[in-house]
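Asker:
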Amino acid sequence: MKKIYAFVIILLVSCVSFKGNAQCGVASRELLGSVSAMTAYNTYIVIGSFADMFTQKVITAKQLSDYLDEQIPMLTTVTESYGKALQNDAKSYSEDDKRFMNECIHALNMLAAEARALRLYADVQNDSNASEYQKYRKKAWSAISDLLGLEEE
Numbered sequence: 015m016k017k018i019y020a021f022v023i024i025l026l027v028s029c030v031s032f033k034g035n036a037q038c039g040v041a042s043r044e045l046l047g048s049v050s051a052m053t054a055y056n057t058y059i060v061i062g063s064f065a066d067m068f069t070q071k072v073i074t075a076k077q078l079s080d081y082l083d084e085q086i087p088m089l090t091t092v093t094e095s096y097g098k099a100l101q102n103d104a105k106s107y108s109e110d111d112k113r114f115m116n117e118c119i120h121a122l123n124m125l126a127a128e129a130r131a132l133r134l135y136a137d138v139q140n141d142s143n144a145s146e147y148q149k150y151r152k153k154a155w156s157a158i159s160d161l162l163g164l165e166e167e
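Residue 69 in my numbering sits at position 55 of the sequence shown; the count goes up by one each step and never skips.
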């Protein structure tokens, strides 16, 4: 998973480093879109799998927290990279590119919120924390399904 995030960051840097061309090439934009979509979707699956493993007692609360403590900073790093690219290199992107990148930021923020809520539930297993996790799980899926053009659950 860390390799995927590193790849997205490298791709963003390489796109904005070609200042001679006002925008990234079509192939680079398609690649960024594909990797972004895969990252959001797979991260959603990973967090859900962690939740399932925890509720089925395959992993402990400590293990779950450790796994989520790896995911959350990676999501933050990628989100910050999108923000920097949009702020510092806005001229490199079309309006559609900017809209897509903002949708990616939103989806990744919802995934981070889902992961934090699951971590809280692992620490204190009560109905309130379970509801909070479910709320952010649904918000994350809504953002991802909008991003990918999928039907919501």
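Where is the CB? At the ideal position from N, CA and C, for every residue including glycine.
If you run the structure through DSSP and keep just helix, strand and coil, what is S79?
Answerer: DSSP places S79 in helix when its eight states are reduced to three.
Asker: Pick out whichever of M115, K152 and E165 has its Cα sitting closest to the Cα of T93.
Answerer: Comparing Cα-Cα distances from T93 to each of M115, K152 and E165, the minimum goes to M115.
Asker: Assign A127 to buried or exposed, taking buried as 16 or more other Cβ atoms, counted over all protein chains shown, within 10 Å of its Cβ.
Answerer: Per the 10 Å Cβ criterion, buried.
Asker: So, are the CB atoms of Y96 and I119 less than 9 angstroms apart?
Answerer: In contact: Y96 and I119 (Cβ atoms closer than 9 angstroms).
Asker: Between A157 and E117, what straight-line distance do the alpha-carbon atoms span, to the nearest angstrom?
Answerer: Distance between the alpha carbons of A157 and E117: 7 angstroms.
Asker: Could you tell me the distance, in whole angstroms, from the CA atom of A54 to the CA atom of R130?
Answerer: Cα to Cα, the separation comes out at about 16 angstroms.
Asker: From Y150 to L125, what does the alpha carbon distance come to, in whole angstroms?
Answerer: Roughly 8 angstroms separates the two Cα atoms.
Asker: What do you reckon, are the CB atoms on L89 and N56 nearer than 9 angstroms?
Answerer: Their beta carbons are not under 9 angstroms apart, which means L89 does not touch N56 by this criterion.
Asker: Please tell me whether S63 and R133 are closer than 9 angstroms, where the distance is taken between their beta carbons.
Answerer: No.
Asker: L12: which of S42, K105, Y58 and V40 sits nearest, CA to CA?
Answerer: Look at the range of the chain in this structure, 15 to 167, and you will see that residue 12 is not part of it.
Asker: In the DSSP assignment, the alpha helix (DSSP H) including V40 goes from what residue to what residue?
Answerer: V40 -> alpha helix (DSSP H) spans V40 to T69.
Asker: Going straight from the alpha carbon of F68 to that of A51, what length do you get?
Answerer: Taking the straight line joining both Cα atoms gives about 26 angstroms.
Asker: Within a Cβ cutoff of 8 angstroms, which residues of the same chain sit near L164, ignoring the five residues on either side of it in sequence?
Answerer: Result list for L164: I158, in chain order.
Asker: Looking only at its own chain, which residues have a Cβ that is under 7 angstroms from the Cβ of I73, when we skip the five neighbours before and after it?
Answerer: Excluding residues within five positions, the ones whose Cβ falls inside 7 angstroms are M67.
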